[in-house]
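Colleague: Note that the working numbering has the sequence shown beginning at 36, numbered continuously upward.
The beta-carbon is built from N, C-alpha and C at its ideal position, and this holds for glycine as well.
Predicted model only: the values in this text are computed from it and were never measured.
This structure is in structure tokens; I'll ask about it shortly.
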Amino acid sequence: MNSFSDIARLLVLNTDSYKTSHWLQYPPGTRHVFSYIEARGGALSHTVFFGLQALLKEYFTRPVTLDDLALAGEVCAAHGVPFNRDGWLHIVQAHGGRLPLRIRAVPEGTVAPVNHALVTVENTDPASGWLTSYVETALLRVWYPTTVASQGLATRRLIGDALARTGDPAGLPFKLHDFGARGVSSMESAMLGGMAHLVNFQGTDTMTALLGARLYYGEPMAGFSIPAAEHSTITAWGRDGELAAYRNMLRQFGKPGALLAVVSDSYDLDAAVSRLWGGALRDEVIASGATVVIRPDSGDPTNIVLRTVQALDASFGSDVNVKGCKVLRHVRVIQGDGITHASIGSILAALESAGYSADNVAFGQGGALLQQVNRDTMGFAMKASAVQVDGRWRDVFKAPVTDPAKRSKAGRLTLMRRGDVFATVRLDAPGYLEARSQGATEVMRTVFEDGRLLVDDSFAAIRARVTGG
36 MNSFSDIARL LVLNTDSYKT SHWLQYPPGT RHVFSYIEAR GGALSHTVFF GLQALLKEYF
96 TRPVTLDDLA LAGEVCAAHG VPFNRDGWLH IVQAHGGRLP LRIRAVPEGT VAPVNHALVT
156 VENTDPASGW LTSYVETALL RVWYPTTVAS QGLATRRLIG DALARTGDPA GLPFKLHDFG
216 ARGVSSMESA MLGGMAHLVN FQGTDTMTAL LGARLYYGEP MAGFSIPAAE HSTITAWGRD
276 GELAAYRNML RQFGKPGALL AVVSDSYDLD AAVSRLWGGA LRDEVIASGA TVVIRPDSGD
336 PTNIVLRTVQ ALDASFGSDV NVKGCKVLRH VRVIQGDGIT HASIGSILAA LESAGYSADN
396 VAFGQGGALL QQVNRDTMGF AMKASAVQVD GRWRDVFKAP VTDPAKRSKA GRLTLMRRGD
456 VFATVRLDAP GYLEARSQGA TEVMRTVFED GRLLVDDSFA AIRARVTGG
């Protein structure tokens, strides 16, 4: 191994240590294991399923090799756990190293209530029943992009409702901008989380998300940005040069129809807005034909955004739109500090109460967008629900009396839909045929089988499922 990518693609060790011994723990005669993934609930009522295709392409389609087995055996022996070399050797010899698994899943971009099966996994080779749960560690990481996408939809709906009341809904795709790349734990997190953000919105500064959408979903350009200042580029001019720094931004990027964003709280935000942007530079802003987006970056978000909008209104004026709300001329505001779902709602409510349209503001979100989530945010879990032993299927489930919420589902499962109603049903129960006879359709489809990806969705198709477009 010469790099992290060599480690990441070593699927035989992309698991938890204790799983290496599980092939010895199943009942004798176990030939098939069937498992499912669900979000059991938590912060949100609905999931936006996303990210499985990227994980499958990156980690599940590369054949396992004899060299992989040699390394895994060495690591497990030194680590103090057994390694199922014969089981993996069978996969290499009988399947060319391709995983004998069938993975079914709802289409990415599907918006479904929590507590429903989103993915099912089962082995296709009766000699590899142990493999289904072995891949849980790698496969369950779909929780991360799905959680980010789900939170993004909640925010999209919040802003969309405000625009429907006060402004132009056409601007919704650019109302939440991803500033999260530096605030996550890894480049891969930035890519996966950044892509998940982009299924709901089109504004981003996370470049790796653009590359991920291109690589895994065939999207030439998934998101967009604009020239923007940071504190270093403004304060490099010195406090006495603040006006010159702003004027430089206008001269470099202020073209007709252009957008540029300028952080303006380096020293005194109120003075910068009223005396510099609204005073010394007012005529230059108007003459440029550009829209200048002022970024206040400190203070209470609700108070500071409203105060900034009101000060800009006093200097540049506003128009009243068809919904009776004021829209600033020549300028806008983006708030990128302290942004959460709750603060967005508070800011929008304050603007609306003061008679201003949501058109006047956009939001930038960093760590809260991509990093302040975990597997428990939406209660993600992968559980075995059925095993075949000596040719007979039996239910597998847990029902802990100490936490009834953790009771798992039993049987071989799929997800059905009729209109807006979803139902997780057993494939081997009368309810499945009954649902079909009543017009319900099966949401799940086979996306991966025996080492090969069977579905390759475009980013545009996924977005359309989320937004209804």
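Just how far apart, CA to CA, sit V83 and A147?
Modeller: 7 Å
Colleague: Under a three-way DSSP split, which group does V68 fall into?
Modeller: strand
Colleague: Alpha carbon to alpha carbon, what distance is there between Y467 and G373?
Modeller: Cα-Cα distance, rounded: 47 Å.
Colleague: Applying the 10 Å Cβ sphere with the 16-neighbour rule, what's the burial state of E469?
Modeller: exposed
Colleague: I'd like to know whether the C-beta atoms of A325 and L294 end up nearer to each other than 8 Å.
Modeller: yes
Colleague: So what does DSSP say about P148, is it helix, strand or coil?
Modeller: strand
Colleague: Please determine, among I72, A458, G401, L462, the residue with the shortest C-alpha to C-alpha distance to V537.
Modeller: Any question about residue 537 goes unanswered here, given that the chain covers just 36 to 504.
Colleague: Use the C-beta contact count for R191: other C-beta atoms within 10 angstroms, 16 or more gives buried, fewer gives exposed.
Modeller: Per the 10 Å Cβ criterion, buried.
Colleague: Here's the rule I'm using: 16 or more other beta-carbon atoms within 10 Å means buried, otherwise exposed. How should A263 be labelled?
Modeller: buried
Colleague: Strictly by DSSP, which residues pair up with T449?
Modeller: The partner list for T449 (beta bridge, DSSP) reads V460.
Colleague: Measuring CA to CA, which of S163, G108, L153, E387 is closest to A129?
Modeller: Of the listed residues, the one whose Cα sits closest to A129 is S163.
Colleague: Enumerate in chain order the residues of its own chain whose CB-to-CB distance from L308 is below 7 Å, with the five nearest sequence positions on each side excluded.
Modeller: For the sequence presented, residue 308 should be read as Val rather than Leu. Within the same chain, V308 has close Cβ partners S299, I329, T343, A346, L347.
Colleague: Using alpha carbons as the reference points, say which of K290, A349, L311 lies closest to A322.
Modeller: A322 has its Cα closest to that of K290, out of K290, A349, L311.
Colleague: Where L91 and S388 are concerned, what is the direct C-alpha to C-alpha distance, given to the nearest angstrom?
Modeller: 47 Å
Colleague: Within 10 Å of its beta-carbon, does H151 have 16 or more other beta-carbons around it, so buried, or fewer, so exposed?
Modeller: Classification for H151: buried.
Colleague: Within its chain, find whatever has a CB closer than 7 Å to the CB of D203; leave out the 5 residues flanking it on each side and keep chain order.
Modeller: Cβ neighbours of D203 beyond the five flanking positions: D394.
Colleague: What whole-angstrom Cβ distance do E254 and F494 have, given they're in contact under 8 Å?
Modeller: 4 Å
Colleague: Of the residues G218, P180, F209, which one's Cα is nearest the Cα of G247?
Modeller: P180
Colleague: So, with DSSP's three-state summary, where would you put S260?
Modeller: coil
Colleague: Which partner residues does K418 have in the DSSP bridge list?
Modeller: Y71
Colleague: Note the first and the last residue of the continuous beta strand (DSSP E) segment covering S353.
Modeller: Per DSSP, S353 is one residue of the beta strand (DSSP E) stretching across 353-355.
Colleague: At what residues does the beta strand (DSSP E) containing Q60 begin and finish?
Modeller: No beta strand (DSSP E) holds Q60; DSSP gives it neither H nor E.
Colleague: Name the two residues that bound the continuous alpha helix (DSSP H) containing Q186.
Modeller: For Q186, the enclosing alpha helix (DSSP H) starts and ends at 178-201.
Colleague: By the three-class DSSP mapping on this structure, what secondary structure does I382 have?
Modeller: The answer is helix: DSSP assigns I382 an H, G or I state.
Colleague: Output yes or no for whether 8 Å exceeds the beta carbon distance between F398 and Q370.
Modeller: At the C-beta level, F398 and Q370 come within 8 Å of one another.
Colleague: Keeping to the same chain, check which residues put their C-beta closer than 8 Å to that of T100; ignore five residues upstream and five downstream.
Modeller: V127, G132
Colleague: Using the rule of at least 16 other Cβ atoms within 10 Å of the residue's Cβ for burial, across every protein chain shown, is K361 buried or exposed?
Modeller: buried
Colleague: Just to confirm, is the Cβ distance from L405 to V177 under 8 Å?
Modeller: no
Colleague: Which first and last residues belong to the beta strand (DSSP E) in which G399 is found?
Modeller: 396-400
Colleague: Measure the alpha-carbon distance for Q473 versus A458 and round it to whole angstroms.
Modeller: 13 Å
Colleague: For E214, which residues of its own chain have a beta-carbon under 7 Å away from its beta-carbon, when the five flanking residues on both sides are left out?
Modeller: In the sequence under discussion, the amino acid at residue 214 is Phe, which differs from the Glu named in the question. For F214, where only same-chain residues beyond five positions count, the Cβ hits under 7 Å are D240, G371, G399, Q400, G401.
Colleague: Please list the terminal residues of the continuous beta strand (DSSP E) segment that includes D430.
Modeller: 427-430
Colleague: For Y391, which three-state DSSP category applies?
Modeller: It is a strand residue.
Colleague: L136 bridges to which residues according to DSSP?
Modeller: N158
Colleague: Check each candidate in V141, G144, L250, L124 and name the one with the smallest Cα separation from P135.
Modeller: L124
Colleague: Can you list, in chain order, the residues of its chain whose CB lies under 6 Å from that of K441, leaving out five sequence neighbours each side?
Modeller: P435
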